[in-house]
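K.L.:
Residue numbers (my numbering): 37 to 401. Even for Gly, the Cβ is constructed at its ideal location relative to N, Cα and C. As the structure is a prediction and not an experimental result, all values here were calculated from the model.
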Ligand code: CS2
Ligand code: MN
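1. Mark residue 371 as exposed unless 16 or more other C-beta atoms lie within 10 angstroms of its C-beta, in which case mark it buried.
2. When DSSP labels each residue in this structure, what does residue 264 get in the three-state scheme?
3. Can you give me the C-alpha to C-alpha distance between residue 134 and residue 388, rounded to a whole angstrom?
4. DSSP on residue 285, reduced to helix/strand/coil?
5. Does DSSP put residue 380 in a helix, a strand or coil?
6. Work out the CA separation of residue 145 and residue 104 for me, nearest whole Å.
7. Relative to the ligand HEM, is the shortest distance from any of its heavy atoms to the C-beta of residue 147 smaller than 7 angstroms?
8. Which whole-angstrom value describes the C-beta separation of residue 283 and residue 246, a residue pair presumed to lie in contact below a C-beta threshold of 8 angstroms?
9. Within the present structure, is the beta-carbon of residue 307 separated from the nearest heavy atom of the ligand MN by less than 7 angstroms?
10. Return yes when at least one heavy atom of the ligand CS2 lies under 7 angstroms from the C-beta of residue 166, else no.
11. State buried or exposed for residue 150, treating a residue as buried only when at least 16 other CB atoms are found within 10 Å of its CB.
12. Alpha carbon to alpha carbon, how far is residue 64 from residue 95? Give it in angstroms, no decimals.
13. Is the beta carbon of residue 244 within less than 7 angstroms of some heavy atom of the ligand MN?
14. Assuming contact is defined by CB atoms lying nearer than 8 angstroms, are residue 240 and residue 285 in contact in what I supplied?
15. By alpha-carbon positions, which one of 355, 73, 120, 215 ends up nearest to residue 230?
16. Assign residue 110 to one of two classes, buried (16 or more other C-beta atoms within 10 Å of its C-beta) or exposed (fewer than that).
17. Taking the C-alpha atoms as reference points, what is the distance between residue 348 and residue 48?
18. I'd like the ranges of any alpha helix (DSSP H) spanning at least 4 consecutive residues and lying wholly in the stretch 43-67.
19. Residue 294 lies in the alpha helix (DSSP H); which residues open and close that run?
20. Should residue 358 go down as buried or exposed, given a rule of 16 or more other Cβ atoms within 10 Å for buried?
21. Thinking C-alpha only, which one of 46, 45, 37, 50 is nearest residue 368?
22. How should residue 397 be labelled, buried or exposed, when 16 other C-beta atoms within 10 angstroms of its C-beta is the threshold for buried?
23. May I have the straight-line CA-CA distance separating residue 242 from residue 310, to the nearest angstrom?
24. So with Cβ pairs under 8 angstroms, would you call residue 100 a contact of chain C?
25. Kindly provide the ranges of any beta strand (DSSP E) runs that are 3 or more residues long and lie completely inside the stretch 295-349, ordered along the chain.
26. Does the beta carbon of residue 70 fall short of 7 angstroms from some heavy atom of the ligand CS2?
27. Within the same chain, show all residues whose beta-carbon is closer than 7 angstroms to that of residue 263, passing over the 5 residues directly before and after it, in chain order.
28. Which same chain residues, not among the five before or five after residue 326, have their C-beta less than 6 angstroms away from its C-beta?
29. If I follow the unbroken alpha helix (DSSP H) through residue 168, where does it start and stop?
30. With DSSP as the reference, please indicate the residues paired to residue 253 in a beta bridge.
31. Which value, in whole angstroms, describes the spacing of the CA atoms of residue 355 and residue 155?
32. Which residues does DSSP pair with residue 162 in a beta bridge?
33. When the Cα atoms are used, what is the spatial distance from residue 44 to residue 317?
34. When the Cα atoms are used, what is the spatial distance from residue 343 to residue 153?
35. Nearer than 7 angstroms: is that true of the beta carbon of residue 282 relative to any heavy atom of the ligand MN?
36. Under 7 angstroms from any heavy atom of the ligand MN, does the C-beta of residue 352 make it?
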């Protein structure tokens, strides 16, 4: 498991590279050029700037999260072909600096959806919260205007240009069924994966968060069956998944360890975080510790370890703790605590495994 840490870039992140460097076992940054609108080519000189910044602290930049997909590709409009050509050029530019994984998502309009970014937990910290009744009864345009989308914090994936044309987007998507969204995803993959393979860059789709339809918009990457269907759209090792335990874990029907064991060789990138589910369909993000939420983080790390996972992993979101001023879910402190929990499980499994090997060897001598 290669631990990496999401960083939103110089002047765009409250967390410094000096501080990330002091988290044990973090070898790389998960990064993106967040100011480049979806659909445009990422210029090599901008990419090299990030490489230079990261390398100054000894970090690799193997994982990009995300090169977002222009809505015309998701909508299947004729203009998608130009955006797909641009995407290919971005993959080629990223491969020139050694990028190995590109995370992306195929969610229409919104990225992750929450109704409260600062919901208090019992311990006095706050976390990202999803109140089902609020979303079911909500006009989506409220979501953008009131508490869940705070213009000061661009929520990851919520590119401003997507939200500027919200009404037009909803009208456009009203003509896109779930099946046609699958077709549009397959069209994109059939064009992109051969280029990704040539560039030795693994494409890793992020699941939908939460893993169910929102505001009547179709969502695809929501379950083990749908991930199996996704992987078959283009059955190629360069067509992979960012397996996010927090996103998929919001639905109690999703058995994350089982997904890891089934799809192990198609998971180049893991997001490992916990959520606490409530009977009424609400959920709140928690510390990474198994007992604080509804997702068995121990069994998830054990599944990765049993499968000999050599991919990249990050703690995804953290709570807001110790009054840290930071982007929702992306503070330093709780993500660092989460990393140490994940390392604690992983290292224990490593030593148990080593002991077993030593016993076997001593018996065969
Ligand atoms: C991320 C997602 O912050 C997060 O939860 O996991 O926003 C993710 O970066 C995108 O959906 C991937 O394109
Ligand atoms: Mn995630």
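P.N.:
According to the data block:
1. buried
2. helix
3. 34 angstroms
4. helix
5. helix
6. 11 angstroms
7. By its list of ligands, the structure shown excludes the ligand HEM, since it contains just the ligand CS2 and the ligand MN.
8. 7 angstroms
9. yes
10. no
11. buried
12. 5 angstroms
13. no
14. no
15. 120
16. buried
17. 23 angstroms
18. 53-57
19. 292-299
20. exposed
21. 50
22. exposed
23. 16 angstroms
24. The structure shown contains no chain C; it holds only a single protein chain.
25. 305-307, 311-313, 319-321
26. no
27. 257, 277, 295, 299
28. 332, 333, 334
29. 168-172
30. 250
31. 10 angstroms
32. 156, 356
33. 31 angstroms
34. 35 angstroms
35. yes
36. yes
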